[in-house]
Amino acid sequence: MFGFGAFRATSPLSGGLLWKIPWRLSRFQKARQRKRLRAVDSVVATLDSALKKQGQSLRSLEVWKEEMPTEAEMLPKDKYTIFDRKEKRYRKGIHKLPKWTRVSQRLNPPGY
Amino acid sequence: MPFFRITLHRSAIGLPERTRGVLAALGLRKRTQTVFHPVSPQFAGMIMKVKELVRVDEVEKALTPSEMREERRPPRGFYLEKAVPRVDYSRAAGKGKEMA
């Protein structure tokens, strides 16, 4: 009826606020998410080894190493979803978090 | 003296003013810009604040801008992978004209 191509009448284009945000990440988004997690891990490891050679330490670095799991230690659930008390079963995709590709979000409430 | 070689990989557009201030303090103004800072807890703490945005290496000496430019320069010359018999282009062109 409306044909194909860039200007076909789809529900998001027919006016109003209807955004199509998938409820979960694609496997490519998940792969890039893992890559970003590993990049942060490598920065932390570099800082740690460089300071250790100097015999120095840094509190924020120690706290991070103590509390935060590395990419390999994280559960898939925590890599790709985030706790939300308003959501059914208390989980939503991590891509709903504002600036999710540039912030660290690794821990969730225990038990959820 | 060892240095941190810090490259801004992700832009800080839309991130909090504090985060952008840390980048400014590190001297990072645009993406792929690289700066060197001595290894110390002070600079390590600043990098921790922006760890999602930067790539960090530990290097022995700080490079000058001209040395960094030299590092990016591709090797000069070319490699001959397989020799091909030479063609005499003036004669080849003459033959083409005759046929047309």
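Listed in order, the protein sequences are those of chains A and B.
Numbered as in the working numbering, the first sequence ends at 112 without a single skipped number.
Numbered as in the working numbering, the second sequence ends at 212 without a single skipped number.
Every residue, glycine too, gets a C-beta built ideally from N, C-alpha and C.
In this text the structure is predicted, and so the values were computed from the model without any measurement.
Buried or exposed for residue i, please, with buried defined as at least 16 other CB atoms from any protein chain shown within 10 angstroms of its CB.
| i | result |
| --- | --- |
| residue 117 of chain B | buried |
| residue 212 of chain B | At residue 212 of chain B the pLDDT is 48, less than 50, meaning the model places this residue with poor confidence and gives no usable figure here. |
| residue 94 of chain A | buried |
| residue 137 of chain B | exposed |
| residue 192 of chain B | exposed |
| residue 81 of chain A | buried |
Taking the CB atoms as reference points, tell me whether residue i and residue j lie closer together than 8 Å.
| i | j | result |
| --- | --- | --- |
| residue 99 of chain A | residue 37 of chain A | no |
| residue 163 of chain B | residue 115 of chain B | no |
| residue 122 of chain B | residue 165 of chain B | yes |
| residue 168 of chain B | residue 54 of chain A | no |
| residue 71 of chain A | residue 34 of chain A | yes |
Out of the options, which has the shortest C-alpha to C-alpha gap to residue i?
| i | options | result |
| --- | --- | --- |
| residue 170 of chain B | B:135, B:155, B:179 | B:155 |
| residue 58 of chain A | B:144, B:177, B:158 | B:158 |
| residue 110 of chain A | A:51, A:60, A:91 | A:91 |
Does any C-beta atom of chain B lie closer than 8 Å to the C-beta of residue i?
| i | result |
| --- | --- |
| residue 111 of chain A | no |
| residue 31 of chain A | no |
| residue 89 of chain A | no |
| residue 97 of chain A | no |
Excluding the 5 residues preceding and the 5 following residue i in the sequence, name in chain order all residues of the same chain whose CB lies nearer than 8 Å to its CB.
| i | result |
| --- | --- |
| residue 65 of chain A | 44, 48 |
| residue 148 of chain B | 115, 116, 117, 118, 171, 174, 175 |
| residue 102 of chain A | none |
Below 6 Å CB to CB, which residues in the same chain sit around residue i once its five sequence neighbours on both sides are set aside?
| i | result |
| --- | --- |
| residue 6 of chain A | none |
| residue 24 of chain A | 93 |
| residue 153 of chain B | none |
Any C-beta of chain A sitting closer than 8 Å to the C-beta of residue i?
| i | result |
| --- | --- |
| residue 212 of chain B | With a pLDDT of 48 at residue 212 of chain B, under the threshold of 50, the modelled position of that residue is not reliable, and no figure is offered here. |
| residue 185 of chain B | no |
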